[in-house]
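>
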Amino acid sequence: MRRSLLLLLTLVTFGSFSCSQVDPTIDFGRSECAHCRMNVVDRQFAAAISTNKGRQYVFDDVSCMVRFVEAGNVAEEQVAAWRVCDHSAPGVLIDATTAFYLHGPAFRSPMRGDVAAFLTEDQCRKAQVGSEDGPLDWTAVRTTLAK
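Going letter by letter, the sequence shown gives residues 13 to 159 in my numbering.
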């Protein structure tokens, strides 16, 4: 009885870890963009999502991530975490839904989405150069890139 209980507990514990939501990670230089199939190398513009079932997708540009979901490759309601690289801290993934964004030609991203994400509004305003839109929120960025 005790052995059966221990086995059941082990299976339940393992099962909860294998399907749990995990923040996505990017193996720069080795990961392939799920949308355009280019290698993900630019630490200022990369993005990633994880699904409710724990699947991870990485992207070389925020525009690839938006278009991937817009195309129906993953249902939006299945996305557990949207992450983007902080332009001020290359390689550091932040929550895409709360980030602040700039959009314009000053930010030449790999697939020409030309969107840079920032953790804080202050960092975003300091990086604003010329006439690019901004700061933008997640909804405005998605609308801009879905075109």
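C-beta: ideal position from N, C-alpha, C; glycine also.
These figures come from a predicted structure and were not determined experimentally.
Quick one: which unbroken alpha helix (DSSP H) runs of 4-plus residues sit fully inside the segment 102-149? Chain order, please.
Qualifying alpha helix (DSSP H) stretches, in chain order: 133-139.
> Just to confirm, are A83 and Y69 a CB contact at a threshold of 8 Å?
no
> Measure the CB-CB distance between S62 and P36 and report whether it falls below 8 Å.
yes
> Alpha carbon to alpha carbon, how far is G116 from C97? Give it in angstroms, no decimals.
In a straight line, the C-alpha of C97 is about 17 Å away from that of G116.
> Given this structure, state the Cα-to-Cα distance separating L105 from D39, to the nearest angstrom.
Near 12 Å, if we compare the C-alpha coordinates of D39 and L105.
> Is it buried or exposed for R154, if we count other Cβ within 10 angstroms and need 16 for buried?
buried
> Measuring alpha carbon to alpha carbon, tell me which of A58, F112, K65 and A152 ends up nearest A87.
For the residues A58, F112, K65 and A152, the minimum Cα distance to A87 belongs to K65.
> Who pairs with F40 in a beta bridge, going by DSSP?
According to DSSP, which records beta bridges pairwise, F40 is partnered with nothing at all.
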